[in-house]
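**Q** Numbering (this note's numbering), first residue to last: 4 to 445.
Handing you a structure now.
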Ligand code: HEM
């Protein structure tokens, strides 16, 4: 069969603009108009997108060697060329094996107390009567969790310094860098790219010092940095300092905003739905008056459903793209090497036969039935599924428990909020403005 791409919109500029501006709606419209799969010509490559679980399953099960990275050059300056996000084949498999253990089971649960303490401190610092975007608070929480649990900074002054350096680096990233490589240039040390590299290099220097300290005194540490340093592959080889630094930056970039944005959405939905909030509070109050016990919180079914439903309705990575390094037959189309394939959570999560009334936020649906990996993909899937998925959900549950059990928040505006693009992820426009009403009487 000759190579043939599915039909789709023609204009590269317009499609790129639409995919950046309003992917949730535009993807749906494209599939309605052209069918599934649909070909989207984008500025950084042609992408064949699907929301059909059978096709998603096939993509996730495809030989990992048959994939390259989409738009690798554009993210390289941010995460470093040795990042797990950018390596492929055997190298990627090895890195994942070395990185995965701290994110599972008892190892990961060791960070539960850090998550609770950090959330409590940031919420208690709010002033009653004041309004602010709640995403600013959840972002400060998820950043500090990474700085402490992943990087292993413990001294408050160094936590603060490191968090500030990371924020400055991320704030200096202009979304255009990620979509247009030509802008990744310094103009005699001036311009946004130069500003970004200066901020990034300050952040890198702090991480390098932390790595050196961990090499010198590895004993008694529980952070993910120490575990990455101790990890060995089948040949007894570990990671170099440069490899470790790129993974630390990657974990920060992949894990910080993602978790914070999802938390902001969860707080938004919970405060628009009095019944759901009351049900969650009843579940939390059932834990008793003592200090929050991370494992008991993580086992609460309705809290779990709240997190799952938020990630379904607001998949903050709406499109997971891989580039074909080998041809693939997808739903009768022979897709050639070089084309991107994209399982779109934004489409799958809107299928009414899986999720009746898909636009409604209804956590109960996750208590009524379970969903397979090709039906529910907020964390992607296959050989690149998010390493931090369990860590993120654990953190979401603990932060929501601390916030709801101990504090009163109210939405400043009760209406719908538009999801807008922030670099690769989608976030609530304005960060969900909320008013802090003070402590909740327990
Ligand atoms: C709600 C929060 C999060 C969401 C929605 C999310 C989502 C995703 C998605 C969609 C991918 C791409 C998966 C694919 O290509 O199939 C991914 C990859 C990744 N995530 Fe997450 N993530 C979250 C939190 C985290 C956290 C907390 C960490 C670590 C601290 C993390 C670390 C990573 C890493 C390292 C990868 C790259 C995996 C690879 O390429 O092999 N993520 N994440």
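Ideal placement from N, C-alpha and C gives every residue a C-beta, glycine not left out.
Tell me the DSSP bridge mates of residue 411?
**A** Indexing the chain shown from 1 puts residue 411 at position 408. DSSP, once it has assigned bridges, lists 441 as partnering residue 411.
**Q** From the DSSP output, in three-state form, read off residue 425 for me.
**A** By one-based count along the chain shown, residue 425 stands at place 422. Residue 425 falls in the strand class under three-state DSSP.
**Q** In angstroms with no decimal places, state the Cα-to-Cα distance between residue 164 and residue 213.
**A** Position 161 of the chain shown, counting from 1, holds the residue named residue 164. Position 210 of the chain shown, counting from 1, holds the residue named residue 213. Using only the alpha carbons, I get a separation of about 12 Å.
**Q** Alpha carbon to alpha carbon, how far is residue 383 from residue 337? Give it in angstroms, no decimals.
**A** On the chain shown, residue 337 is found 334 positions in, with the first residue counted as 1. On the chain shown, residue 383 is found 380 positions in, with the first residue counted as 1. In a straight line, the C-alpha of residue 337 is about 23 Å away from that of residue 383.
**Q** CB residue 85 to CB residue 249, shorter than 9 Å?
**A** As a first step, residue 85 must be located in the chain shown, where it is residue number 82. As a first step, residue 249 must be located in the chain shown, where it is residue number 246. Yes.
**Q** Helix, strand or coil for residue 342, going by three-state DSSP, please let me know.
**A** In the chain shown, counting from the first residue as 1, residue 342 sits at position 339. Three-state result, residue 342: coil.
**Q** Cβ-heavy atom distance between residue 422 and the ligand HEM below 8 Å?
**A** Locating residue 422 in the chain shown gives position 419, counting from the first residue. Every heavy atom of the ligand HEM is 8 Å or more from the Cβ of residue 422, so no.
**Q** Can you tell me which of the three DSSP states residue 55 falls into?
**A** By 1-based counting over the chain shown, the position of residue 55 is 52. Under the three-state reduction of DSSP output, residue 55 falls in the coil class, being neither helix nor strand.
**Q** Relative to the alpha-carbon of residue 299, which residue among 410, 91, 397 and 77 has its alpha-carbon at the smallest distance?
**A** In the chain shown, residue 299 corresponds to position 296, counting from 1. It is 397 whose Cα lies nearest to the Cα of residue 299.
**Q** In this structure, what does DSSP give as the bridge partners for residue 325?
**A** Here residue 325 is taken as the residue at index 322 of the chain shown, counted from 1. Beta-bridge pairing links residue 325 to 72 and 344.
**Q** Please report the straight-line C-alpha distance between residue 244 and residue 82, rounded to a whole angstrom.
**A** Looking up residue 244 in the chain shown gives position 241. Looking up residue 82 in the chain shown gives position 79. Straight-line Cα distance between these residues: approximately 14 Å.
**Q** Just to confirm, is the Cβ distance from residue 411 to residue 440 under 9 Å?
**A** For the purposes of this step, residue 411 is taken as the residue at position 408 of the chain shown. For the purposes of this step, residue 440 is taken as the residue at position 437 of the chain shown. A Cβ-Cβ contact shorter than 9 Å links residue 411 with residue 440.
**Q** Is it the case that the Cβ atoms of residue 333 and residue 53 are separated by a distance below 9 Å?
**A** On the chain shown, residue 333 is found 330 positions in, with the first residue counted as 1. On the chain shown, residue 53 is found 50 positions in, with the first residue counted as 1. Contact flag set, yes.
**Q** Would you list the residues sitting across from residue 331 in a DSSP beta bridge?
**A** As a working note, residue 331 is residue 328 in the chain shown. Note: residue 331 sits in a beta bridge opposite 338.
**Q** With distance defined between alpha-carbon atoms, name the residue in 67, 106, 76 and 77 nearest to residue 91.
**A** As a first step, residue 91 must be located in the chain shown, where it is residue number 88. With distances taken between Cα atoms, residue 91 lies closest to 67.
**Q** Which residue's Cα is closest to the Cα of residue 246: 202, 99 and 120?
**A** Position 243 of the chain shown, counting from 1, holds the residue named residue 246. Nearest of 202, 99 and 120 to residue 246, Cα basis: 99.
**Q** Closest by CA to residue 318, which one among 290, 352 and 335?
**A** Stepping through the chain shown from its first residue, residue 318 is reached at position 315. Considering only alpha carbons, the answer is 352.
**Q** Let me make sure I understand the geometry here. Which of 143, 150, 102 and 132 has the alpha-carbon closest to that of residue 114?
**A** Your numbering for residue 114 matches position 111 in the chain shown. Here the closest residue by C-alpha is 150.
**Q** Taking DSSP as the reference, what is the three-state secondary structure of residue 436?
**A** Position 433 of the chain shown, counted from the first residue, corresponds to residue 436. DSSP places residue 436 in strand when its eight states are reduced to three.
**Q** In its own chain, which residues sit with a C-beta less than 7 Å from the C-beta of residue 378, not counting the 5 before and 5 after it?
**A** For the purposes of this step, residue 378 is taken as residue 375 along the chain shown, with counting starting at 1. The beta carbon of residue 378 is closer than 7 Å to those of 56, 351 and 357 in its chain, skipping five residues each way along the sequence.
**Q** Mind listing, in chain order, the continuous beta strand (DSSP E) runs of no fewer than 3 residues lying wholly within the region 345–374?
**A** Complete beta strand (DSSP E) runs here, min 3: none at all.
**Q** Please classify residue 103 as buried or exposed, where buried requires at least 16 neighbouring CB atoms within 10 angstroms.
**A** Counting from one through the chain shown, the residue named residue 103 turns up at place 100. Label assigned to residue 103: exposed.
**Q** Cβ of residue 319 versus every heavy atom of the ligand HEM: is any distance shorter than 8 Å?
**A** For this step, residue 319 is matched to residue 316 along the chain shown. Yes.
**Q** Using the beta-carbon count (16 or more within 10 Å), is residue 416 buried or exposed?
**A** To locate residue 416, count along the chain shown from 1; it is residue 413. Answer is exposed; the Cβ neighbour count stays below 16.
**Q** Spatial neighbours of residue 142 within its chain, please: CB distance less than 6 Å, with the 5 preceding and 5 following residues excluded, ordered by chain position.
**A** For the purposes of this step, residue 142 is taken as residue 139 along the chain shown, with counting starting at 1. These residues qualify, in order along the chain: 263.
**Q** According to the Cβ coordinates, are residue 121 and residue 147 closer than 9 Å?
**A** In the chain shown, the residue the question calls residue 121 occupies position 118. In the chain shown, the residue the question calls residue 147 occupies position 144. Against a cut-off of 9 Å, the Cβ pair of residue 147 and residue 121 comes out as a contact.
**Q** Which value, in whole angstroms, describes the spacing of the CA atoms of residue 71 and residue 77?
**A** Position 68 of the chain shown, counted from the start, is the residue given in the question as residue 71. Position 74 of the chain shown, counted from the start, is the residue given in the question as residue 77. Rounded to whole angstroms, residue 71 to residue 77 spans 14 Å at the Cα level.
**Q** Which same chain residues end up closer than 8 Å to residue 394 when comparing Cβ atoms and leaving out the 5 residues on each side of it in sequence?
**A** On the chain shown, residue 394 is found 391 positions in, with the first residue counted as 1. Hits under 8 Å: 106, 111, 114 and 258.
**Q** What's the call for residue 21, buried or exposed, on a 16-neighbour Cβ count within 10 Å?
**A** Taking the first residue of the chain shown as position 1, residue 21 is located at position 18. Burial call: buried.
**Q** Does at least one heavy atom of the ligand HEM sit under 8 Å from the Cβ of residue 53?
**A** By one-based count along the chain shown, residue 53 stands at place 50. No, since every heavy atom of the ligand HEM falls outside the 8 Å radius drawn around the Cβ of residue 53.
**Q** By the 10 Å Cβ neighbour count, where 16 or more other Cβ atoms means buried, how is residue 88 classified, buried or exposed?
**A** As a position in the chain shown, residue 88 is number 85, starting the count at 1. Residue 88 should be labelled buried.
**Q** Could you tell me which of 315, 174, 283 and 316 sits nearest to residue 302, measuring between CA atoms?
**A** Walking along the chain shown from the start, residue 302 turns up at place 299. The shortest Cα separation from residue 302 among 315, 174, 283 and 316 belongs to 283.
**Q** Tell me the rounded alpha-carbon separation between residue 74 and residue 427.
**A** Counting from one through the chain shown, the residue named residue 74 turns up at place 71. Counting from one through the chain shown, the residue named residue 427 turns up at place 424. Roughly 11 Å separates the two Cα atoms.
**Q** With three or more C-beta pairs closer than 8 Å as the rule, is the region 217–232 touching the region 151–158?
**A** yes
**Q** For the ligand HEM, I want to know if residue 394 counts as a neighbour, meaning its beta carbon is within less than 8 Å of at least one of the ligand's heavy atoms.
**A** What you label residue 394 is simply residue 391 of the chain shown in a count that begins at 1. Yes - the ligand HEM has a heavy atom lying nearer than 8 Å to the Cβ of residue 394.
**Q** Any idea which residues DSSP pairs residue 41 with across the strands?
**A** As a working mapping, residue 41 is identified with position 38 in the chain shown. Note: residue 41 sits in a beta bridge opposite 52.
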